[in-house]
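Asker: These protein sequence lines are chains A and B, in that order.
With the numbering used here applied, the first sequence closes on residue 336, and no number is skipped along the way.
With the numbering used here applied, the second sequence closes on residue 336, and no number is skipped along the way.
Note that CB positions come from ideal geometry on N, CA and C, so glycine has one too.
There are 2 protein chains.
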Amino acid sequence: MVRMVDVARTAGVSTMTVSNVINGRPGVAADTRMRVLAAIDELGYQVNATARSLRTGRTGAIGVVLPELDSPYYAHLSNRLSAAAQSCGRHLLVERTGGTRERELEAISFGHLRRYDGVIVNLVRLDSTDLARLRFESPVVFLGESPVPSRFDHVMMDNVGGSRDATRHLLSTCSRHVVIVGGRHDDTEDMASLRTRGYRQAHGDLGLPVDEGLVVEVRTYAWDEGYRAVMDLHEAGVAFDAVFCVTDALAMGALRALADLDLHVPRDVQVIGFDNGEEDDFLIPRLSSVEPGNDAIAELVLDLLERRIRTAGTGDLRSQATTTVNSRLVLRESTR
Amino acid sequence: MVRMVDVARTAGVSTMTVSNVINGRPGVAADTRMRVLAAIDELGYQVNATARSLRTGRTGAIGVVLPELDSPYYAHLSNRLSAAAQSCGRHLLVERTGGTRERELEAISFGHLRRYDGVIVNLVRLDSTDLARLRFESPVVFLGESPVPSRFDHVMMDNVGGSRDATRHLLSTCSRHVVIVGGRHDDTEDMASLRTRGYRQAHGDLGLPVDEGLVVEVRTYAWDEGYRAVMDLHEAGVAFDAVFCVTDALAMGALRALADLDLHVPRDVQVIGFDNGEEDDFLIPRLSSVEPGNDAIAELVLDLLERRIRTAGTGDLRSQATTTVNSRLVLRESTR
DNA sequence: GACGGTGCTTTCATCGATACAACGTCTCTA
DNA sequence: TAGAGACGTTGTATCGATGAAAGCACCGTC
Numbered sequence: 001m002v003r004m005v006d007v008a009r010t011a012g013v014s015t016m017t018v019s020n021v022i023n024g025r026p027g028v029a030a031d032t033r034m035r036v037l038a039a040i041d042e043l044g045y046q047v048n049a050t051a052r053s054l055r056t057g058r059t060g061a062i063g064v065v066l067p068e069l070d071s072p073y074y075a076h077l078s079n080r081l082s083a084a085a086q087s088c089g090r091h092l093l094v095e096r097t098g099g100t101r102e103r104e105l106e107a108i109s110f111g112h113l114r115r116y117d118g119v120i121v122n123l124v125r126l127d128s129t130d131l132a133r134l135r136f137e138s139p140v141v142f143l144g145e146s147p148v149p150s151r152f153d154h155v156m157m158d159n160v161g162g163s164r165d166a167t168r169h170l171l172s173t174c175s176r177h178v179v180i181v182g183g184r185h186d187d188t189e190d191m192a193s194l195r196t197r198g199y200r201q202a203h204g205d206l207g208l209p210v211d212e213g214l215v216v217e218v219r220t221y222a223w224d225e226g227y228r229a230v231m232d233l234h235e236a237g238v239a240f241d242a243v244f245c246v247t248d249a250l251a252m253g254a255l256r257a258l259a260d261l262d263l264h265v266p267r268d269v270q271v272i273g274f275d276n277g278e279e280d281d282f283l284i285p286r287l288s289s290v291e292p293g294n295d296a297i298a299e300l301v302l303d304l305l306e307r308r309i310r311t312a313g314t315g316d317l318r319s320q321a322t323t324t325v326n327s328r329l330v331l332r333e334s335t336r
Numbered sequence: 001m002v003r004m005v006d007v008a009r010t011a012g013v014s015t016m017t018v019s020n021v022i023n024g025r026p027g028v029a030a031d032t033r034m035r036v037l038a039a040i041d042e043l044g045y046q047v048n049a050t051a052r053s054l055r056t057g058r059t060g061a062i063g064v065v066l067p068e069l070d071s072p073y074y075a076h077l078s079n080r081l082s083a084a085a086q087s088c089g090r091h092l093l094v095e096r097t098g099g100t101r102e103r104e105l106e107a108i109s110f111g112h113l114r115r116y117d118g119v120i121v122n123l124v125r126l127d128s129t130d131l132a133r134l135r136f137e138s139p140v141v142f143l144g145e146s147p148v149p150s151r152f153d154h155v156m157m158d159n160v161g162g163s164r165d166a167t168r169h170l171l172s173t174c175s176r177h178v179v180i181v182g183g184r185h186d187d188t189e190d191m192a193s194l195r196t197r198g199y200r201q202a203h204g205d206l207g208l209p210v211d212e213g214l215v216v217e218v219r220t221y222a223w224d225e226g227y228r229a230v231m232d233l234h235e236a237g238v239a240f241d242a243v244f245c246v247t248d249a250l251a252m253g254a255l256r257a258l259a260d261l262d263l264h265v266p267r268d269v270q271v272i273g274f275d276n277g278e279e280d281d282f283l284i285p286r287l288s289s290v291e292p293g294n295d296a297i298a299e300l301v302l303d304l305l306e307r308r309i310r311t312a313g314t315g316d317l318r319s320q321a322t323t324t325v326n327s328r329l330v331l332r333e334s335t336r
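Shown next, in the form of structure tokens:
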């Protein structure tokens, strides 16, 4: 284990000088710098990030806490964030909670947050009261649907608006029995409820009643549940001529089920997803979807976090707010 | 900032006793333990992971270094690893290199590896000579195709065998002009070359020549390139009756292109992918694919890493080896 | 020759948790 | 009653880098 003091001895200087060279601080004579660099090279020295971090209180890393890593939405999100962070010279680490309360609590625990200079958190289980008693040192930006206390930065997509647009499109193109896969019967503040709210609003706007039999709840938001939902409806003899799925993965499952039932999309049944994943353009038929402003979200989140990190400790917290990013309906082949 | 010494003062003991309580070490009287726990609770104390890590040399985290996070394969892999690591009580962090040489080098640098107790690395740009001059303190397990010096643990899938099986299936079901999308004309040791090798072997086994015009190179392994490859072939007037894609994403693009060309799968053209992603079962048609043993790989990698971590520093390195996990062809609707 | 300034380098305390060795107290045995 | 051993606790050095402040040359100026 070669330490800074070893480099210093080899170069015939003090550790402070080595530190100055490493951190590019001024006030080191050119030849001294050369000697130090040579010693570093010779000994193969590398800074001990842990020691540095203990001393400075900074880690040089930012964290991203997500429920899952394999759903297309989170996969794209983490990739986007990572690429963006990289381009502004930051190290980004992704971790997964599995969507459990216990691990979400741990992820936002004081001790855990301190591992990073800043953290981006997407919670799905915790609610405002869980967050209320948190004392933060670490800059945090929240992402996602769960409401957070107003003193925190929070970026969310326009779940209600996006769903309303999607549902309205289905209703205005002569579909009369629009299923929502991944909807909720009760109205809380999670993703499913918000998207269902938009679905209800679209019906209300057009003076149409919502048939609760067309609101299908799911256990997960993955492919198989979308498939199962459509199959179950069909077996139960429920008539429908459009399906709005609250995620693209559900929509993929729904498309597959409709194909198995020999129902043509979009002629017999229209389908719209949510997330506008890159793969939507390659499905058969190409999937219409709500684009929640993915790029804008990633950029905004990093921007807010960067600002928090800069102003950390100054007590300057004027900018906290929940920002809602506009969504946009992208129509492809699965709709008329 | 509440420190251990604050807890100690409040509880009227020394920091060592607090440390013993926190780390569940024996030799603390029951009532002392109670007082310490009460003090911890009262002050809201949380261990400073950085300081602990500096002292012990352990971080409690293991790292996963991947080229991308949004390709279905890596997304599933990271999710699997994370879930498995969690179930054996370890904290897992994922980072992305973007597939650049520079960032891959940084990721396996001595200083960077020390951030973790152990690291799982999937490289795509570096070769054996880059790795040759590395001195590791940190336990590392390599994943993926690039060959690594024999002193390291390395888990890879059976790229050649899987591709051979896939190609053989296509050839033995009366396809005579099998395209490989994502193939390579020259033979190196990267993923594309290995999978092309299997493709060539299958031809050789049956005494058939390989038409280099059917070996299509790609820039990335994502959807759009699969689409483009098939479209280009068609526009060039190349005749083919089967497509083997070296990743599932490419295959999705290929399926989409074939649909646009009004070619029926599998009647006119058969398609096989590679990776056996969960979404394959929901594509139209359901995609036949090579299952590379994803679960086995994740389990094996963590197991090897765990062993490395345990034996770290003991100089006990007998177990290094390249392990190849068996692959298996999963036939669905895109093949006859 | 004394003085002040500048440019470079060193000294030393510090960050917070851990582990070794030592210590005092108590109990048990010879 | 001395000696050994177990038990619980404490003092202190340590991990490796950092930063404030002090020290030391060296130069030009009056």
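Between the segment 278 to 299 of chain B and chain A, which residues of the former have a C-beta closer than 9 Å to a C-beta of the latter?
Answerer: Glu278, Glu279, Asp281, Phe282, Leu283, Ile284, Pro285 and Arg286
Asker: Does Gln201 (chain B) come within less than 7 Å of chain A when only Cβ atoms are used?
Answerer: As a first step, residue 201 (chain B) must be located in the second sequence, where it is residue number 201. By this cut-off, Gln201 (chain B) is not an interface position.
Asker: Specify, as a first and last residue, the run of the beta strand (DSSP E) that His91 (chain B) falls within.
Answerer: Here residue 91 (chain B) refers to the residue found at position 91 of the second sequence. Here the beta strand (DSSP E) through His91 (chain B) covers His91 to Arg96.
Asker: Tell me, which residues are paired with Glu291 (chain A) by DSSP?
Answerer: Locating residue 291 (chain A) in the first sequence gives position 291, where the first residue counts as 1. The partner list for Glu291 (chain A) (beta bridge, DSSP) reads A:Arg328.
Asker: Verify whether the separation of the beta carbon atoms of Val28 (chain A) and Val18 (chain A) is less than 7 Å.
Answerer: Sequence index remark: in the first sequence, residue 28 (chain A) carries index 28 (1-based). Sequence index remark: in the first sequence, residue 18 (chain A) carries index 18 (1-based). It is not a contact, given that the beta carbons lie outside the stated cut-off.
Asker: In angstroms, rounded to a whole number, what distance separates the CA positions of His177 (chain A) and Val246 (chain A)?
Answerer: What you label residue 177 (chain A) is simply residue 177 of the first sequence in a count that begins at 1. What you label residue 246 (chain A) is simply residue 246 of the first sequence in a count that begins at 1. Their backbone Cα atoms lie some 16 Å apart in a straight line.
Asker: Is Val160 (chain B) helix, strand or coil when you go by DSSP?
Answerer: Here residue 160 (chain B) refers to the residue found at position 160 when the second sequence is read from its first residue. Correct three-state label for Val160 (chain B): helix.
Asker: Where does His185 (chain A) land, buried or exposed, given buried means 16+ other C-beta within 10 angstroms?
Answerer: Here residue 185 (chain A) refers to the residue found at position 185 of the first sequence. Per the 10 Å Cβ criterion, exposed.
Asker: Tyr221 (chain A) and Ala257 (chain A): beta carbons closer than 7 Å?
Answerer: Walking along the first sequence from the start, residue 221 (chain A) turns up at place 221. Walking along the first sequence from the start, residue 257 (chain A) turns up at place 257. Not closer than 7 Å, so no.
Asker: Measuring straight from C-alpha to C-alpha, what distance separates Asp280 (chain B) and Gln46 (chain A)?
Answerer: On the second sequence, position 280 is the one that residue 280 (chain B) refers to. On the first sequence, position 46 is the one that residue 46 (chain A) refers to. So the two alpha carbons sit approximately 45 Å from each other.
Asker: State the DSSP-derived secondary structure class of Asn20 (chain B), mapped to helix, strand or coil.
Answerer: Residue numbering aside, residue 20 (chain B) sits at position 20 when the second sequence is read from its first letter. Correct three-state label for Asn20 (chain B): helix.
Asker: Using a threshold of 7 Å, state whether the C-beta atoms of Ile40 (chain A) and Ala166 (chain A) are closer than that.
Answerer: Taking the first residue of the first sequence as 1, we reach residue 40 (chain A) at position 40. Taking the first residue of the first sequence as 1, we reach residue 166 (chain A) at position 166. Not a contact, by the Cβ cut-off of 7 Å.
Asker: With respect to the alpha helix (DSSP H) encompassing Ile40 (chain B), which residues constitute its N-terminal and C-terminal limits?
Answerer: Here residue 40 (chain B) is taken as the residue at index 40 of the second sequence, counted from 1. Counting along the chain, the alpha helix (DSSP H) containing Ile40 (chain B) begins and ends at Ala30 to Leu43.
Asker: Write down the C-beta distance between Pro209 (chain B) and Asn122 (chain B) rounded to the nearest angstrom, noting that I regard them as a contact closer than 8 Å.
Answerer: In the second sequence, counting from the first residue as 1, residue 209 (chain B) sits at position 209. In the second sequence, counting from the first residue as 1, residue 122 (chain B) sits at position 122. Pro209 (chain B) to Asn122 (chain B), Cβ: 34 Å. No contact.
Asker: Note down, in chain order, every chain B residue with its Cβ under 8 Å from the Cβ of Glu95 (chain A).
Answerer: Here residue 95 (chain A) is taken as the residue at index 95 of the first sequence, counted from 1. Within 8 Å Cβ-Cβ: Ser82, His91, Leu92, Leu93 and Val94.
Asker: Identify the continuous alpha helix (DSSP H) that holds Gly204 (chain B) and give its terminal residues.
Answerer: In the second sequence, counting from the first residue as 1, residue 204 (chain B) sits at position 204. Note, Gly204 (chain B): alpha helix (DSSP H), Met191 to Asp205.
Asker: Do you know offhand how far Pro285 (chain B)'s Cα is from Phe110 (chain B)'s?
Answerer: Position 285 of the second sequence, counted from the start, is the residue given in the question as residue 285 (chain B). Position 110 of the second sequence, counted from the start, is the residue given in the question as residue 110 (chain B). The straight-line gap from Cα to Cα measures roughly 47 Å.
Asker: If you follow the alpha helix (DSSP H) that Ala84 (chain B) is in, where does it begin and where does it stop?
Answerer: As a working mapping, residue 84 (chain B) is identified with position 84 in the second sequence. That run of the alpha helix (DSSP H) goes Pro72 to Ser87.
Asker: Can you give me the Cβ contacts of Asp190 (chain B) inside the same chain, cut-off strictly under 8 Å, excluding the 5 residues immediately before and after it?
Answerer: Looking up residue 190 (chain B) in the second sequence gives position 190. Hits under 8 Å: Val124, Glu145, Ser146 and Arg184.
Asker: Would Thr10 (chain B) pass as an interface residue toward chain A - the criterion being a Cβ-Cβ separation below 7 Å?
Answerer: Position 10 of the second sequence, counting from 1, holds the residue named residue 10 (chain B). It does not: the Cβ of Thr10 (chain B) has no partner Cβ on chain A nearer than 7 Å.
Asker: Quick one: list the residues of chain A neighbouring Gln341 (chain B), beta-carbon separation under 9 Å, in chain order.
Answerer: Shown here, chain B extends from 1 to 336; a query on residue 341 (chain B) therefore has no answer.
Asker: Beta-carbon within less than 6 Å of Leu93 (chain A)'s beta-carbon, same chain only, minus the 5 sequence neighbours each way: which residues are those?
Answerer: Taking the first residue of the first sequence as 1, we reach residue 93 (chain A) at position 93. Ala61 and Gly63.
Asker: Distance check for Leu43 (chain B) and Pro72 (chain B), CA to CA, integer angstroms please.
Answerer: Taking the second sequence and counting its residues from 1, the one referred to as residue 72 (chain B) is at position 72. Taking the second sequence and counting its residues from 1, the one referred to as residue 43 (chain B) is at position 43. Straight-line Cα distance between these residues: approximately 45 Å.
Asker: Is the closest heavy atom of the ligand PLP to the C-beta of Ala296 (chain A) under 6 Å?
Answerer: Absence of the ligand PLP is noted for the structure shown, with no ligands found whatsoever.
Asker: Where does Thr322 (chain A) sit, in a helix, a strand or coil, going by DSSP?
Answerer: Locating residue 322 (chain A) in the first sequence gives position 322, counting from the first residue. When secondary structure is reduced to three states using DSSP, Thr322 (chain A) falls in the strand class.
Asker: Is it the case that the Cβ atoms of Ile120 (chain B) and Val301 (chain B) are separated by a distance below 7 Å?
Answerer: As a working note, residue 120 (chain B) is residue 120 in the second sequence. As a working note, residue 301 (chain B) is residue 301 in the second sequence. The Cβ atoms of Ile120 (chain B) and Val301 (chain B) lie closer than 7 Å to each other.
Asker: Let me know if Ala342 (chain A) comes out buried or exposed under the rule of 16 or more other beta-carbons within 10 Å of its beta-carbon.
Answerer: The question about residue 342 (chain A) has no answer, for chain A in this structure spans 1 to 336.
Asker: Ser163 (chain A): which of A:Cys174, A:Gly198 and A:Leu170 sits nearest, CA to CA?
Answerer: In the first sequence, residue 163 (chain A) corresponds to position 163, counting from 1. Ranking A:Cys174, A:Gly198 and A:Leu170 by Cα distance to Ser163 (chain A) puts A:Gly198 first.
Asker: Given a limit of 8 Å on CB to CB distance, which residues of the segment 39 to 50 of chain B reach chain A?
Answerer: Gly44, Gln46, Val47, Asn48, Ala49 and Thr50
Asker: Kindly indicate the opening and closing residues of the beta strand (DSSP E) around Gly226 (chain B).
Answerer: Numbered from 1 along the second sequence, position 226 holds the residue referred to as residue 226 (chain B). Careful: Gly226 (chain B) lies outside any beta strand (DSSP E), inside the alpha helix (DSSP H) at Trp223 to Glu235.
Asker: At least one CB of chain A closer than 7 Å to the CB of Met337 (chain B): is that the case?
Answerer: Here chain B has residues from 1 to 336 only, and residue 337 (chain B) is not among them.
Asker: Step through the CB atoms of chain B and report whether any lies within less than 7 Å of the CB of Ala107 (chain A).
Answerer: Position 107 of the first sequence holds residue 107 (chain A). Judged by the 7 Å Cβ criterion, Ala107 (chain A) is not in contact with chain B.
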